[in-house]
Amino acid sequence: MVIIDGLLWLLKNILIINILLAILLVFFERRNPSTTWAWLMILLFVPILGFFLYLFLGQDLRKKKVFAVKEEDDRLERMINQQEKVLSRKDIEISYPNIRKSKDLIYLHLVSHNALFTTDNSVEIFNEGNDKFDKMIEDIKNAKKFIHMEYYIIRSDWLGKRIIELLARKASEGVEVRVLYDGMGCIRLSKRFFDPLVEAGGKISCFFPPFLPYINVRINYRNHRKICIIDGQTAYVGGINIGKEYLGLSKKMGYWRDTHLRIQGGAVDYLELRFLLDWRFSTKEPYVIKDKYFPVKESIGYTGIQIVSSGPDSKWSSIKNGYLKMINLAKKRIYIHTPYFIPDDSLLEALKLAALSGVDVRIIIPNKPDHLFVYWASLSYVGELIQAGVKCYTYEKGFLHSKMILVDDVISTVGTANFDIRSFKMNFEVNAFIYDKVINSQLQEQFMKDIADSKEITKAIYENRAFGIKFKESISRLLSPML
89 MVIIDGLLWL LKNILIINIL LAILLVFFER RNPSTTWAWL MILLFVPILG FFLYLFLGQD
149 LRKKKVFAVK EEDDRLERMI NQQEKVLSRK DIEISYPNIR KSKDLIYLHL VSHNALFTTD
209 NSVEIFNEGN DKFDKMIEDI KNAKKFIHME YYIIRSDWLG KRIIELLARK ASEGVEVRVL
269 YDGMGCIRLS KRFFDPLVEA GGKISCFFPP FLPYINVRIN YRNHRKICII DGQTAYVGGI
329 NIGKEYLGLS KKMGYWRDTH LRIQGGAVDY LELRFLLDWR FSTKEPYVIK DKYFPVKESI
389 GYTGIQIVSS GPDSKWSSIK NGYLKMINLA KKRIYIHTPY FIPDDSLLEA LKLAALSGVD
449 VRIIIPNKPD HLFVYWASLS YVGELIQAGV KCYTYEKGFL HSKMILVDDV ISTVGTANFD
509 IRSFKMNFEV NAFIYDKVIN SQLQEQFMKD IADSKEITKA IYENRAFGIK FKESISRLLS
569 PML
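Numbering-wise, the working numbering puts 189 at position 101 of the sequence shown, and it's gapless, one number per residue.
1) Answer with buried or exposed for I422, where buried requires no fewer than 16 other C-beta atoms within 10 angstroms of its C-beta.
2) Quick check on the DSSP output: what are the complete beta strand (DSSP E) runs of length 3 or more inside the segment 456-506, in order along the chain?
3) Compare the C-beta of N218 with all C-beta atoms of chain C and state if any pair is closer than 7 Å.
4) Determine the closest residue to F382 out of I557, D401, D357, V495, with distance taken between C-alpha atoms.
5) Between R310 and M272, which are expected to be in contact by the criterion C-beta below 8 Å, what is the C-beta distance as a whole number of angstroms?
6) Taking only three categories from DSSP, how would you classify M341?
7) Using C-beta distances below 6 Å, list every residue in its chain close to D208, excluding the 5 sequence neighbours before and after it, in chain order.
8) Based on Cα-Cα distance, which residue from K189, R188, H197, K191 lies nearest to N409?
9) Which residues in the same chain have their Cβ closer than 7 Å to the Cβ of D227, if we skip the five residues on either side of it in sequence?
10) In whole angstroms, give me the CA-to-CA distance for C621 and K232.
11) Helix, strand or coil for G326 per DSSP?
12) If you follow the alpha helix (DSSP H) that A540 is in, where does it begin and where does it stop?
13) Rounded to whole angstroms, how far is the Cβ of G327 from the Cβ of H489, which I believe are closer than 8 Å?
14) Classify E551 as buried or exposed, calling it buried when 16 or more other Cβ atoms lie within 10 Å of its own Cβ.
15) Do you know whose CA, among D448, V384, Y428, lies nearest I415's CA?
16) Helix, strand or coil, according to DSSP, for V376 in the structure here?
17) Rounded to the nearest angstrom, how far is the Cβ of W344 from that of F487, given a contact under 8 Å?
18) Using the Cα positions of G446 and K419, report the straight-line distance between them to the nearest angstrom.
19) Would you mind stating whether A203 and V396 have Cβ atoms separated by less than 7 Å?
20) Whose CA, out of K491, E472, F214, lies closest to the CA of E561?
21) Alpha carbon to alpha carbon, how far is A505 from K413? Give it in angstroms, no decimals.
22) Would you mind stating whether L349 and V325 have Cβ atoms separated by less than 7 Å?
23) Looking at the unbroken alpha helix (DSSP H) that takes in V356, where does it start and where does it end?
24) Could you work out which residue in R266, P297, I330 is closest to M249 when comparing CA atoms only?
25) Are at least three pairs of beta-carbons, each pair with one atom in the segment 542-558 and one in the segment 462-482, less than 8 Å apart?
26) What's the gap between the Cα of L531 and the Cα of V376?
27) Anyone know if the C-beta pair for V498 and N528 falls short of 7 Å?
28) Go ahead and label T546 buried or exposed: buried means 16 or more other beta carbons lie within 10 angstroms of its beta carbon, across all protein chains shown.
29) According to DSSP, is L349 helix, strand or coil?
30) Taking only the alpha-carbon atoms, compute the straight-line gap between V615 and W246 and give it to the nearest angstrom.
31) One question on the structure: do F516 and T426 come within less than 7 Å of each other, judged by their Cβ atoms?
32) Is the CB-CB distance between R565 and A443 below 7 Å?
33) If we count the other Cβ atoms within 10 Å of its Cβ and call it buried at 16 or more, is R243 buried or exposed?
34) May I have the straight-line CA-CA distance separating E533 from E212, to the nearest angstrom?
35) Quick check for students: name the residue ranges of the beta strand (DSSP E) that lie wholly in the segment 202-279, counting only runs of 3 or more.
36) Whose C-alpha, out of K291, S190, S370, K537, is nearest the C-alpha of S260?
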């Protein structure tokens, strides 16, 4: 009886706490209504599980000091930005006529994110991990001054060990090496894994480390960025983390289709700036700005690029706003790659409107899930778009992890942000917005190859799906604001 009374007391108090949390959600937190409803249902209908889920996943830390942009961060951004002339709409049109139709998007990123528009870049596209790592390893071997890496996932497999051993060798040669990794993405990674690098003089830092092993109340906020900057001359950004599965060597996922960029030119400075800001936040070290981080660059290309990042510390959802603006600018086509497709209402309606207006809208998602609820939620949103004339496909050759959007003949974006609410609001992300016909054409050519390796979800197929699938989609969509 004592045990039963104790359990009843515990349940009663958890119910009271859940009701208080529900009141907090409704009256004090300015959340999206769909997110509020999802949490209310979980707190009230599964009280014990709901309490712990809210403890780890439901806290909105975005306005708390943990994400406050430091004053010196602002000073650093201003210092870098002062090296460039502030561009106006007219300046863009005169100096770079190829992107006349894109000037509103460029201006949006300039005003809302201080994303400077650089036009002296060259870009190399990698469509799978093997090519990316071959080139990146070559660049690391040739590094003379510094190597700065920031990755969501670093595996302790043979590829991860090879990268760390190479970085340790460069550190022993006197090259400055820093590695920033995410506490959630690398939750199974022992700090001892980095010992060879640290012993050689390299530095490491964990972004939002767990307080206890496998316990992290900030689990909802992840540094999802994947960037590498070498000597301030070359930078990598895209969807490929460090691990053998990204080479297509996972038995479960098979061939891994992704998109990653190698950039040289002025845009490299802004990826380096992103790294320095994240390193400062993670380590709390004072800034040490060195000329070697921002070297003078020879003009080796003509591709226009803006580096745009967003996260819980951002005033605006800059990447999401960029996606929305791209969709609204489209006249001919919108092609989207994403492993997770959970748009908010504004993006969903924009895609419908584009398709109903005659724009060729196509979306490719994976045919196999690595996160079940996200997969079923994605299918529910895809089904809604099919009714409006959007062509949707599942990638059949392996697993699609690419995060890419291209619009018409000039604008495209590649980076770390998925087409989902998590990437727009909770993750720290970074994308390259590219204004170039050649790059757009190359991405478009690869997209059509991916279409050939995909299966279309026709209206008939979607409408005739089994009841069990419909049920899974409905439940997953209800929970989608929290996924």
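Every residue gets a Cβ at the ideal spot worked out from N, C-alpha and C, and that includes glycine.
To lay it out plainly:
1) As a working note, residue 422 is residue 334 in the sequence shown. Answer is buried; the Cβ neighbour count reaches 16.
2) If only uninterrupted beta strand (DSSP E) runs of at least 3 residues are considered, those enclosed by the segment 456-506 are 479-483, 492-495, 499-503.
3) Of the protein chains in this structure there is only one, and it is not chain C.
4) Indexing the sequence shown from 1 puts residue 382 at position 294. Nearest of I557, D401, D357, V495 to F382, Cα basis: D357.
5) Looking up residue 310 in the sequence shown gives position 222. Looking up residue 272 in the sequence shown gives position 184. Going by Cβ atoms, the distance from R310 to M272 rounds to 5 Å, so yes, they are a contact pair.
6) Here residue 341 refers to the residue found at position 253 of the sequence shown. It is coil, neither helix nor strand.
7) Sequence index remark: in the sequence shown, residue 208 carries index 120 (1-based). Only G353, G354, S387 meet the Cβ criterion.
8) On the sequence shown, position 321 is the one that residue 409 refers to. The residue with the shortest Cα to Cα distance from N409 is H197.
9) Taking the sequence shown and counting its residues from 1, one reaches residue 227 at position 139. The residues are I318, T322.
10) Outside the displayed span of the chain (89 to 571) sits residue 621, for which this structure offers no information.
11) On the sequence shown, residue 326 is found 238 positions in, with the first residue counted as 1. Looking at G326 - three-state DSSP - the assignment turns out to be strand.
12) Mapped onto the sequence shown, residue 540 falls at position 452. It spans 525-540 - the alpha helix (DSSP H) in which A540 sits, taken as one unbroken run.
13) Here residue 327 is taken as the residue at index 239 of the sequence shown, counted from 1. Here residue 489 is taken as the residue at index 401 of the sequence shown, counted from 1. Between H489 and G327 the Cβ distance is about 5 Å, and since that is below 8 Å, they are a contact.
14) Numbered from 1 along the sequence shown, position 463 holds the residue referred to as residue 551. So E551 counts as exposed.
15) Translated into positions along the sequence shown, residue 415 becomes position 327. If we check each option's Cα against that of I415, D448 comes out closest.
16) Walking along the sequence shown from the start, residue 376 turns up at place 288. Secondary structure at V376: coil, using DSSP grouped into helix, strand and coil.
17) If you number the sequence shown from 1, residue 344 lands on position 256. If you number the sequence shown from 1, residue 487 lands on position 399. 6 Å between Cβ atoms; contact.
18) Indexing the sequence shown from 1 puts residue 446 at position 358. Indexing the sequence shown from 1 puts residue 419 at position 331. Cα to Cα, G446 sits roughly 8 Å from K419.
19) If you number the sequence shown from 1, residue 203 lands on position 115. If you number the sequence shown from 1, residue 396 lands on position 308. A contact, by the Cβ cut-off of 7 Å.
20) In the sequence shown, residue 561 corresponds to position 473, counting from 1. Ranking the options by Cα distance to E561, first place goes to E472.
21) For this step, residue 413 is matched to residue 325 along the sequence shown. For this step, residue 505 is matched to residue 417 along the sequence shown. Looking at the two C-alpha atoms, the distance is approximately 16 Å.
22) As a first step, residue 349 is located in the sequence shown; it is residue number 261 there, counting from the start. As a first step, residue 325 is located in the sequence shown; it is residue number 237 there, counting from the start. Taking 7 Å as the Cβ cut-off, L349 and V325 qualify as a contacting pair.
23) Taking the sequence shown and counting its residues from 1, one reaches residue 356 at position 268. V356 -> alpha helix (DSSP H) spans 355-371.
24) On the sequence shown, residue 249 is found 161 positions in, with the first residue counted as 1. As written in the sequence, residue 249 is Lys, which differs from the Met given in the question. Of the candidates R266, P297, I330, the one whose C-alpha sits nearest the C-alpha of K249 is I330.
25) They touch, by the three-pair rule.
26) As a first step, residue 531 is located in the sequence shown; it is residue number 443 there, counting from the start. As a first step, residue 376 is located in the sequence shown; it is residue number 288 there, counting from the start. As the crow flies, the alpha-carbon of L531 is around 38 Å from that of V376.
27) Start at 1 with the first residue of the sequence shown, and residue 498 comes out as number 410. Start at 1 with the first residue of the sequence shown, and residue 528 comes out as number 440. Closer than 7 Å, so yes.
28) For the purposes of this step, residue 546 is taken as the residue at position 458 of the sequence shown. Exposed.
29) Here residue 349 refers to the residue found at position 261 of the sequence shown. If DSSP states are grouped into helix, strand and coil, L349 belongs with the strands.
30) Lying before the first or after the last residue shown, residue 615 is absent from the chain, which here runs from 89 to 571.
31) Here the question's residue 516 lines up with position 428 in the sequence shown. Here the question's residue 426 lines up with position 338 in the sequence shown. Not closer than 7 Å, so no.
32) Taking the first residue of the sequence shown as 1, we reach residue 565 at position 477. Taking the first residue of the sequence shown as 1, we reach residue 443 at position 355. No. Outside cutoff.
33) For this step, residue 243 is matched to residue 155 along the sequence shown. So R243 ends up on the buried side.
34) If you number the sequence shown from 1, residue 533 lands on position 445. If you number the sequence shown from 1, residue 212 lands on position 124. Looking at the two C-alpha atoms, the distance is approximately 14 Å.
35) 206-214, 234-239, 264-270
36) For the purposes of this step, residue 260 is taken as the residue at position 172 of the sequence shown. For the residues K291, S190, S370, K537, the minimum Cα distance to S260 belongs to K291.
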